[in-house]
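K.L.:
The listed protein sequences correspond, in order, to chains A and B.
In this text, residue positions in the first sequence follow our numbering: the first is 806, and each later residue adds one.
In this text, residue positions in the second sequence follow our numbering: the first is 806, and each later residue adds one.
Sharing a structure below in structure tokens format, with a few things to ask.
Protein chains: 2
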Amino acid sequence: MTAEWVEELGAERASLGRASTAGRVADVLRAHVTQGRLLPGTRLSEEEIGAALGVSRNTLREAFRLLTHERLLTHEFNRGVFVRRLDSDDVRDLYAFRRILECGAIRRGATLGRLTGEPLDDVRRAVETGERAAAAGDWNEVGTANMEFHQALGALADSQRVDEAMSHVLAELRLVFHAMAAPEAFHQPYLEDNRRIFEFVAAGSHEEAVAALLAYFDAAEAQLAAAI
Amino acid sequence: MTAEWVEELGAERASLGRASTAGRVADVLRAHVTQGRLLPGTRLSEEEIGAALGVSRNTLREAFRLLTHERLLTHEFNRGVFVRRLDSDDVRDLYAFRRILECGAIRRGATLGRLTGEPLDDVRRAVETGERAAAAGDWNEVGTANMEFHQALGALADSQRVDEAMSHVLAELRLVFHAMAAPEAFHQPYLEDNRRIFEFVAAGSHEEAVAALLAYFDAAEAQLAAAI
DNA sequence: GCATATTTGTCCGTATGTATA
DNA sequence: CTATACATACGGACAAATATG
Chain A
806 MTAEWVEELG AERASLGRAS TAGRVADVLR AHVTQGRLLP GTRLSEEEIG AALGVSRNTL
866 REAFRLLTHE RLLTHEFNRG VFVRRLDSDD VRDLYAFRRI LECGAIRRGA TLGRLTGEPL
926 DDVRRAVETG ERAAAAGDWN EVGTANMEFH QALGALADSQ RVDEAMSHVL AELRLVFHAM
986 AAPEAFHQPY LEDNRRIFEF VAAGSHEEAV AALLAYFDAA EAQLAAAI
Chain B
806 MTAEWVEELG AERASLGRAS TAGRVADVLR AHVTQGRLLP GTRLSEEEIG AALGVSRNTL
866 REAFRLLTHE RLLTHEFNRG VFVRRLDSDD VRDLYAFRRI LECGAIRRGA TLGRLTGEPL
926 DDVRRAVETG ERAAAAGDWN EVGTANMEFH QALGALADSQ RVDEAMSHVL AELRLVFHAM
986 AAPEAFHQPY LEDNRRIFEF VAAGSHEEAV AALLAYFDAA EAQLAAAI
């Protein structure tokens, strides 16, 4: 009955030595979820995972609570904890939230005079990393670079809460990617959008950047909604 | 040594009967914090509160964890949990987040054609409730109505995640209000701002509404920063 | 600086209630 | 309907860290 990912989890026991046990358990589980080794809908048994990782149920529940708050897991009362399964409404809501966060971050960055220097360099770096990865055919890296691009856009707002909200939203979206047929190729066509958005920001044309970003959201949301 | 608010907590024991115990404990504690009965910096002893509420330490810790994720409590390793105390950086960050959320919600509402009908009525209702409360001298109600006004602005985006983010941000801000000298009078001068913002939204002049909202944020942020 | 008391961190065992085969 | 599996919640235990005198 024990699934194969439970054994994989067991291999992570060694890294659980230091710091907050619950936090480290959450790190391990988060990696499994965001990398698609734990698929949406999977039930996470307290006893099974606790035994695999060598931690008590109390500690494990602490980790579950962390990930539930990040919306990577869902907690159904008296039934257990499951890897979150997103529906089309979630996709719509996530993109509504992204439109507000990322467009707002660009505008906020503009009024703060922050669309230059280091914050802008982070955006450029993410664009270039993605382009290099695509040239090398490393689709996994393309996806990662795309995430970093949008995280860097959010960082233009210079707000810890915006950064955190962006992290959570992007982590949630990974759940949808893994549910798609061909998740590898999803980000590739948007690389040139990233380049164009970056150029607009760098040129100080932030309203054009916002418009390009909104067009990207429309396309990506439609594609994901169709895949669900 | 036992403080008076612990006895008040004890009076809430009766309401802990059904559903998730930890969730109910969190509800009770959240009400105490947001209503200022538990002031920022107060340490929450596991044993003391557990005894007052009649729940075990494990259950109480789960409730603490919930509220820590909402940023109402802070968890210092090996020292305990405390009612969160916000500094000027927190205020700055909270208002940066609010600027993005609320201005973004108005703009998103505009593109969705949502600045009319029921969503707009909720905004109007909050404005009028605040004005009536001010006329009656009920400053507590003025504060509540002001919160509802901004929550209603966020709701224009038609996004569950935006709604939730607004709730958390406003709950956090209450921590700052309670740390002020005269929290009662804080919201009153902004009632006419609310009215003006509402009129702009209702008239379809959403960019003017955004501008008025940004001016309000500047004023309120400066006032709170000065109070800290 | 040191010794003691208090409090938290973690884990275990168990009784009870709930969902599902 | 019964049986099984599991989550919920409690109470106790001990180590480790902190606060106090």
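C-beta atoms are modelled at their ideal positions from N, C-alpha and C, and glycine is treated no differently.
Computed from a predicted model, the values in this text were never measured in an experiment.
Mind listing the chain A neighbours of B/Q965? Cutoff is C-beta to C-beta under 8 Å, in chain order.
P.N.:
Here residue 965 of chain B is taken as the residue at index 160 of the second sequence, counted from 1. Result: D898.
K.L.:
Might you give, ordered along the chain, the residues of its own chain that have their beta carbon closer than 6 Å to the beta carbon of B/H1037, omitting 5 neighbours on each side?
P.N.:
Not covered by the structure: residue 1037 of chain B. The range shown for chain B is 806 to 1033.
K.L.:
Anything in chain B within Cβ reach of A/L906, meaning under 7 Å, just list it in chain order.
P.N.:
Taking the first sequence and counting its residues from 1, one reaches residue 906 of chain A at position 101. Neighbours of A/L906 on chain B, chain order: I905.
K.L.:
Just the C-alpha distance for A/G918 and A/G1009, rounded to the nearest angstrom, thanks.
P.N.:
The residue given as residue 918 of chain A occupies position 113 in the first sequence. The residue given as residue 1009 of chain A occupies position 204 in the first sequence. Each residue's Cα considered, the two are about 10 Å apart.
K.L.:
Could I get the ranges of all uninterrupted beta strand (DSSP E) runs contained in the segment 930 to 972 of chain B, with 3 residues as the minimum, in chain order?
P.N.:
Complete beta strand (DSSP E) runs here, min 3: none at all.
K.L.:
B/Y1021 to A/S850, Cα distance in whole Å?
P.N.:
Locating residue 1021 of chain B in the second sequence gives position 216, where the first residue counts as 1. Locating residue 850 of chain A in the first sequence gives position 45, where the first residue counts as 1. Each residue's alpha carbon lies about 49 Å from the other.
K.L.:
CA-CA distance, A/E1004 and A/A962?
P.N.:
Working through the first sequence from its first residue, we reach residue 1004 of chain A at position 199. Working through the first sequence from its first residue, we reach residue 962 of chain A at position 157. Distance between the alpha carbons of A/E1004 and A/A962 is about 18 Å.
K.L.:
Can you list, in chain order, the residues of its chain with a C-beta nearer than 6 Å to that of B/E989? Leave out the 5 residues immediately preceding and following it.
P.N.:
The residue labelled residue 989 of chain B in the question sits at position 184 within the second sequence. So the qualifying residues of the chain are W944.
K.L.:
Could you check whether B/R930 and A/D898 sit closer than 7 Å to each other, using their CB atoms as the reference points?
P.N.:
As a working note, residue 898 of chain A is residue 93 in the first sequence. As a working note, residue 930 of chain B is residue 125 in the second sequence. Their beta carbons are not under 7 Å apart, which means A/D898 does not touch B/R930 by this criterion.
K.L.:
Can you list, in chain order, the residues of its chain with a C-beta nearer than 7 Å to that of A/R876? Leave out the 5 residues immediately preceding and following it.
P.N.:
Within the first sequence, residue 876 of chain A is the residue found at index 71, counting from 1. Once the five neighbours on either side are set aside, the close Cβ partners of A/R876 are R889, H973, E977.
K.L.:
Could you give the first and the last residue of the continuous alpha helix (DSSP H) run that contains B/G1009?
P.N.:
As a working note, residue 1009 of chain B is residue 204 in the second sequence. Unbroken run through B/G1009: none, as it is neither H nor E.
K.L.:
Skipping 5 residues on each side, what residues in its chain have a beta carbon closer than 8 Å to that of B/I1033?
P.N.:
Position 228 of the second sequence, counted from the start, is the residue given in the question as residue 1033 of chain B. Here the set comprises L891, D892, S893, V896, V981, A984.
K.L.:
Select from the segment 980 to 1001 of chain B all residues with a C-beta closer than 9 Å to any C-beta belonging to chain A, and list them in chain order.
P.N.:
Answer in chain order: no residues at all.
K.L.:
What residues match up with A/F887 in a beta bridge as DSSP calls it?
P.N.:
Walking along the first sequence from the start, residue 887 of chain A turns up at place 82. Note: A/F887 sits in a beta bridge opposite A/R848, A/T879.
K.L.:
At a CB distance below 7 Å, what residues from the segment 911 to 927 of chain B approach chain A? Give them in sequence order.
P.N.:
Listed in sequence order: R913.
K.L.:
Going by beta carbon distance, what residues of the same chain come within less than 7 Å of B/D968, once the five residues before and after it are set aside?
P.N.:
If you number the second sequence from 1, residue 968 of chain B lands on position 163. Only G959, A960 meet the Cβ criterion.
K.L.:
Does any CB atom of chain A fall closer than 7 Å to the CB of B/R823?
P.N.:
Translated into positions along the second sequence, residue 823 of chain B becomes position 18. Caution applies to B/R823, whose pLDDT of 47 falls short of 50 and renders its modelled position unreliable; the value that the coordinates give is listed next. Chain A contact via Cβ: absent.
K.L.:
Quick one: Cα of A/T928 to Cα of A/A1007, how far?
P.N.:
Locating residue 928 of chain A in the first sequence gives position 123, where the first residue counts as 1. Locating residue 1007 of chain A in the first sequence gives position 202, where the first residue counts as 1. Strictly speaking, residue 928 of chain A in this sequence is Val, with Thr absent from that position. If I take the Cα positions, the gap works out to 9 Å.
K.L.:
To test your reading of the DSSP string, which unbroken alpha helix (DSSP H) runs of 4 or more residues are found completely within the segment 892 to 931 of chain B?
P.N.:
Entirely contained in the segment 892 to 931 of chain B, the alpha helix (DSSP H) runs reaching 4 residues are, in chain order, 893 to 916.
K.L.:
Name the chain A residues that come within less than 7 Å of B/H874, Cβ to Cβ?
P.N.:
To locate residue 874 of chain B, count along the second sequence from 1; it is residue 69. The contacting residues are H874.
K.L.:
Confirm, please, whether the CB-CB distance from B/A941 to B/A950 is below 7 Å.
P.N.:
The residue you call residue 950 of chain B lines up with position 145 of the second sequence. The residue you call residue 941 of chain B lines up with position 136 of the second sequence. Not closer than 7 Å, so no.
K.L.:
Drop a sphere of 10 angstroms on the beta-carbon of A/E852, count the other beta-carbons inside from all chains shown, and report buried for 16 or more, exposed for fewer.
P.N.:
The count along the first sequence starts at 1 and reaches residue 852 of chain A at position 47. It is exposed - the Cβ of A/E852 has fewer than 16 other Cβ atoms within 10 Å.
K.L.:
Skipping 5 residues on each side, what residues in its chain have a beta carbon closer than 6 Å to that of A/E1013?
P.N.:
Position 208 of the first sequence, counted from the start, is the residue given in the question as residue 1013 of chain A. Cβ within range, chain order: F1005.
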